[in-house]
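Notes to accompany the following structure.
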Amino acid sequence: MTIYIPTPLRTYAGGKDAIEIGAATISEALNSLTNEYPELRKHLFTNEGKVRAFVNLYLNDEDVRYLPEKENSQVSGKDTLSIIPSIAGGCETVREA
Amino acid sequence: MYEAIRAHGEETYPHECCGALLGRHGEDGWQVVDAIKAGNTRTDSAHNRYNIAPIELVRIQRSAREKGLEIAGFYHSHPDHPAQWSPTDFAEAHWLGCSYVITSVAKGKATVTNSFLLAGKTEEDKRFEQETIHVENAPGEPTDQALQEITSTKDQR
Numbered sequence: 315m316t317i318y319i320p321t322p323l324r325t326y327a328g329g330k331d332a333i334e335i336g337a338a339t340i341s342e343a344l345n346s347l348t349n350e351y352p353e354l355r356k357h358l359f360t361n362e363g364k365v366r367a368f369v370n371l372y373l374n375d376e377d378v379r380y381l382p383e384k385e386n387s388q389v390s391g392k393d394t395l396s397i398i399p400s401i402a403g404g405c406e407t408v409r410e411a
Numbered sequence: 002m003y004e005a006i007r008a009h010g011e012e013t014y015p016h017e018c019c020g021a022l023l024g025r026h027g028e029d030g031w032q033v034v035d036a037i038k039a040g041n042t043r044t045d046s047a048h049n050r051y052n053i054a055p056i057e058l059v060r061i062q063r064s065a066r067e068k069g070l071e072i073a074g075f076y077h078s079h080p081d082h083p084a085q086w087s088p089t090d091f092a093e094a095h096w097l098g099c100s101y102v103i104t105s106v107a108k109g110k111a112t113v114t115n116s117f118l119l120a121g122k123t124e125e126d127k128r129f130e131q132e133t134i135h136v137e138n139a140p141g142e143p144t145d146q147a148l149q150e151i152t153s154t155k156d157q158r
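Line by line, the protein sequences give chains E and S.
Residue numbering for the first sequence follows the working numbering, beginning at 315 and increasing consecutively.
Residue numbering for the second sequence follows the working numbering, beginning at 2 and increasing consecutively.
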């Protein structure tokens with residue numbers, strides 16, 4: 315499968331925006347990815363080994379959180395996994411300039 | 002494009018607008034060549050919060066890759082608030098090395114636009130650094146139809 319790396323994490327993935335990984339499940343693919351690029355681990359996972367809350371994983375166009383098998387979902391060579399940190403904010407409370 | 006970003010803030014006033022900036026990284030920072038409007042999913046509190054649906058980000062990232070560009074950063078507006086990052090903006094900022102552009106929209110009119118680089122190497126040491134925005138017209142293009150480019154460089158002040 316192909317894993318797409320977002321801009322901020324490319325520096326920890328050899329500068330690549332896409333990485334081909336041979337794996338049977340999403341979890342296996344993420345393990346292979348972080349074994350190959352260990353610096354990615356702390357950006358993707360908490361100390362307890364869970365995916366960080368602000369990191370979204372999309373298998374093709376599906377949010378992995380809502381897949382029946384979640385990270386244990388089976389994958390094939392044609393699948394893509396997008397890593398997408400969340401984007402949010404707002405002027406709810408404002409720091410003085 | 003710079004004016005389009007500001008106009009987006011006026012269109013959505015009194016709600017916050019948001020979108021993504023596509024470009025390339027050079028020696029002087031990001032050169033932004035395209036801005037993609039996004040929907041604000043925070044319909045419960047759109048006047049002071051914004052959120053871009055992750056699936057929209059997936060599609061924007063895909064589109065950028067097809068164009069040979071990267072996601073350089075994001076923009077949003079602050080209706081009737083200064084163009085300064087808020088604690089909420091900081092807490093929710095996770096794209097290290099990317100630019101966060103904020104436009105203040107006062108009574109429906111875009112006023113100040115600022116850009117902040119999310120500097121640092123991890124979530125634990127991240128910080129916003131104000132950047133200078135350079136607005137350029139593409140060479141050889143008529144001014145009124147020019148593709149404008151934003152080059153964000155770290156503010157040395």
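From the three backbone atoms N, C-alpha and C, an ideal C-beta is built for every residue, glycine too.
Computed from a prediction, not measured in an experiment: that's the story for all the values here.
Practice problem: Can you grab the Cα-Cα spacing for the pair S:H95 / S:N138, in whole Å? | Solution: 30 Å
Quiz prompt | Terminal residues of the beta strand (DSSP E) in which S:L118 lies | solution = K110 to A120
Quiz item: What residues in its chain sit with their C-beta under 6 Å from that of E:N361, if we drop five residues either side in the sequence?
Solution: none
Self-check item: Alpha carbon of S:H82 to alpha carbon of E:G391, nearest angstrom
Solution: 48 Å
Self-check item: Distance between S:M2 and S:Q146 (C-alpha atoms, nearest Å)
Solution: Since pLDDT at S:Q146 reaches only 37, below the 50 mark, its modelled position is unreliable, and no value is offered.
Exercise. State yes or no: is the beta carbon of E:A406 nearer than 7 Å to at least one beta carbon in chain S?
Key: Sequence check: residue 406 of chain E is Glu here, not Ala. It does: the Cβ of E:E406 has a partner Cβ on chain S nearer than 7 Å.
Exercise. Could you check if E:A332 is buried or exposed, using at least 16 other CB atoms within 10 Å of its CB as the buried criterion?
Key: exposed
Quiz item: From which residue to which residue does the alpha helix (DSSP H) around S:E124 run?
Solution: Per DSSP, S:E124 belongs to no alpha helix (DSSP H) and is neither H nor E.
Exercise. Use the C-beta contact count for S:S29: other C-beta atoms within 10 angstroms, 16 or more gives buried, fewer gives exposed.
Key: Here residue 29 of chain S turns out to be Asp, not Ser, going by the sequence shown. Flag for S:D29 reads exposed.
Quiz prompt | Inside the stretch 342–411 of chain E only - alpha helix (DSSP H) runs reaching at least 4 residues | solution = 355–358
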